[in-house]
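Per my numbering, the very first residue in the sequence shown carries number 11; after that it's consecutive. The beta carbon of each residue, even a glycine, is placed where N, CA and C say it ideally should be. If you're wondering where the values come from, they're calculated on a predicted model, not measured in any experiment.
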Amino acid sequence: MMRLFLIAIVVSVLAAGCGRKIQAPARAASAGIPEDDRLYREGLAAFHEATPEGYARAAGLFRRAAEINPRRCEYSLHHLESRLFLALEQKWNSEDNAANLSVTLPGCDAFESFNYRLQALSLFPELAVGMRDKAMAAVNRAVELDPNDPLNWYVLWKLGPTSRGEIQRAANIPPNLALIQYELGNFKMLEGEYAEAREAYERALTLSPRHFRSYIGIADSMAATDEDADIEPYLVKAVGIAPGFLAGRTALGSFYARMGETEKAVEQYKAALDLNSKYDNASLGLGIILAEADQTDEAEKYLAQTISLNPGSFRAYYYLGNIWFNRGEFARARAQYEEGLKYMPNFAETNYALGAVLYRLGNPDAALAQFEKVLRINSLYGDAYFSRGTIRLERRELADALSDYTRAIRIYEGQVALINAQVRKAESRGLSRKVQALTKKRQRLEETLQNARDYRVTAEAEALKPR
């Protein structure tokens, strides 16, 4: 499997010689700066890039500095911190690694806050299962010892509740770090402050132009306020900087899927799976878009793969159920829907689909119960009114059937009007791909709307017949 970040995580305690007599003087740089200090400064600059490549380069620079001058414990501490940050980046990118770093550095006890932060980092849930409480205790101690270190607050933010202002506190402490600005952007997104989030991501990129996660952040913040925003350049930029960034690939794939560009979406999802065949977000996205393109055999393969990787993927069960439904295999469709509802009982789409399949299996009472459940979940679910109305029409509950059809029609009409407004907006901005995707969506909805009108006419005609 191709790997994005090519540094092995092995135990290497460079500080074992801390306090030991230096055997040879460090080579002086041309500018008169000791070689170890030059390497240390370059290591800090690389670390502050806040990218996997930067952390890998920083680790190498700090290691070389520590080899030249083992007495400088901060070199070994920063080396270990860089490797821990790299290990976390690998985990967040769904990469396998063998992180097993010792955070005990003999002779470096004076750096108490730093040591507690390293201990907390090594106990992150991604690196040490079931150790979160110990990690929290360690980082709280680090903050207590040195509240003026922004990375202490950063680690607390990543571990603990995100509503106590930890990342804002970090952002107000120098130096100004790209990592902190990026997380501040994430916090602003959670708060619904999208303009402020974008500003934070842009500051992160000013500090570290290759911070690819911030490009994704900008795209998300733009899309949150304007669904027609041109976010493609930011997604493409992120993938261009880090071709192995799985979340970037799937974000770009999702964008193309929304634009109705199936081939481009498939290309991105498959690229992610080529990097990591176990990345279930990519297999799910690929399965969904292939299912919607009626490439059901391929879709079935990827959806089944998703379930094997993530048995709780309720969306995979839903789309797999739809494939069986459209093949007329109603019992198999039912099994998929019911399995999906074990993991997400209030997912309206699956509840509706289960009602539809129960109706096809000759159980209208159970189907009716499902449609009513859907409407409790989402009172604006037009298809549920339409289907409930059809059962009521069959039972000659004509007043109720007419009421359901009327509600469904009003909902569909409102949705068509909304899409029309979106089309006009997209046309005015020259977004031809968006217009095409919306037009296809409107055509499908208009067909359903016409069906609902036809059924209402039938119900009205039945109501006029003498009893």
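DSSP-derived helix/strand/coil call for residue i
i: PRO243; result: helix
i: PRO44; result: strand
i: ILE32; result: Residue confidence for ILE32 is low, a pLDDT of 30 falling below 50, so the modelled location carries little weight; the figure read from the coordinates is stated next. Here ILE32 sits in coil by DSSP.
i: LYS475; result: coil
i: VAL367; result: helix
i: ILE183; result: coil
i: VAL113; result: coil
i: LEU285; result: helix
i: CYS83; result: helix
i: ASN461; result: helix
i: THR357; result: Looking at the sequence shown, residue 357 is not Thr but Phe. Looking at PHE357 - three-state DSSP - the assignment turns out to be coil, as it is neither helix nor strand.
i: THR272; result: helix
i: TYR211; result: helix
i: PRO160; result: helix
i: GLY338; result: coil
i: ASP307; result: helix
i: PHE255; result: coil
i: MET9; result: Coverage of the chain is limited to positions 11 through 477, which leaves residue 9 absent and any answer about it impossible.
i: ALA120; result: coil
i: GLU59; result: coil
i: TYR327; result: helix
i: HIS88; result: helix
i: ASP106; result: coil
i: VAL153; result: helix
i: ASP410; result: helix
i: PHE265; result: helix
i: SER389; result: coil
i: PHE95; result: helix
i: ARG443; result: helix
i: LEU137; result: coil
Local Cβ density within 10 Å of residue i, reported as buried at 16 or more and exposed below that
i: GLU457; result: exposed
i: ALA34; result: Per-residue confidence for ALA34 stands at a pLDDT of 36, beneath the threshold of 50, marking its modelled position as unreliable; no derived number is given.
i: LEU133; result: buried
i: THR235; result: exposed
i: THR306; result: buried
i: GLY254; result: buried
i: GLU404; result: exposed
i: ASN336; result: exposed
i: GLU176; result: buried
i: LEU474; result: exposed
i: GLU105; result: buried
i: ARG477; result: exposed
i: PRO135; result: exposed
i: LEU390; result: exposed
i: LYS450; result: exposed
i: ARG454; result: exposed
i: ASN332; result: buried
i: THR260; result: buried
i: ASP143; result: exposed
i: SER40; result: Bear in mind that a pLDDT of 46 at SER40, under 50, signals an unreliable position, so the number given afterwards is only what the model happens to contain. It counts as exposed.
i: ASP375; result: exposed
i: ASN430; result: exposed
Proximity of residue i and residue j at Cβ, strictly below 9 Å
i: ALA282; j: LEU313; result: no
i: LEU94; j: LEU137; result: yes
i: ILE226; j: GLY258; result: yes
i: GLY365; j: PHE381; result: yes
i: LEU166; j: ALA181; result: no
i: HIS89; j: GLY117; result: no
i: ASP240; j: LEU441; result: yes
i: LEU378; j: ARG344; result: no
i: SER92; j: PHE72; result: yes
i: LEU96; j: ALA130; result: no
i: TYR422; j: ALA358; result: no
i: GLN419; j: LEU459; result: Contrary to the premise, residue 419 reads as Ile rather than Gln in this sequence. Taking 9 Å as the Cβ cut-off, ILE419 and LEU459 qualify as a contacting pair.
i: ALA309; j: TYR329; result: yes
i: ALA210; j: HIS221; result: no
i: ALA68; j: PHE57; result: yes
i: ALA207; j: THR61; result: no
i: ASP119; j: ASN79; result: no
i: SER323; j: TYR279; result: no
i: LEU262; j: ASP290; result: no
i: LEU128; j: LEU87; result: yes
i: THR360; j: LEU351; result: yes
Residue i: CB within 8 Å of a non-hydrogen atom of the ligand COA
i: TYR164; result: This structure simply doesn't include the ligand COA, nor any ligand for that matter.
Are the segment 290 to 299 and the segment 263 to 271 touching by the rule of at least three beta carbon pairs closer than 8 Å? Yes: the two stretches touch, three or more of their Cβ pairs being nearer than 8 Å.
Given 8 Å, three or more beta-carbon pairs between the segment 462 to 471 and the segment 397 to 407: Yes: the two stretches touch, three or more of their Cβ pairs being nearer than 8 Å.
Is the segment 149 to 158 close to the segment 185 to 198, with three or more CB pairs under 8 Å? In short, these stretches do not touch, since the Cβ pair count stays below three.
Looking at C-beta atoms only, is the number of pairs between the segment 435 to 448 and the segment 409 to 427 that lie closer than 8 Å three or more? As far as the Cβ criterion goes, the segment 435 to 448 does not touch the segment 409 to 427, which means the pair count is below three.
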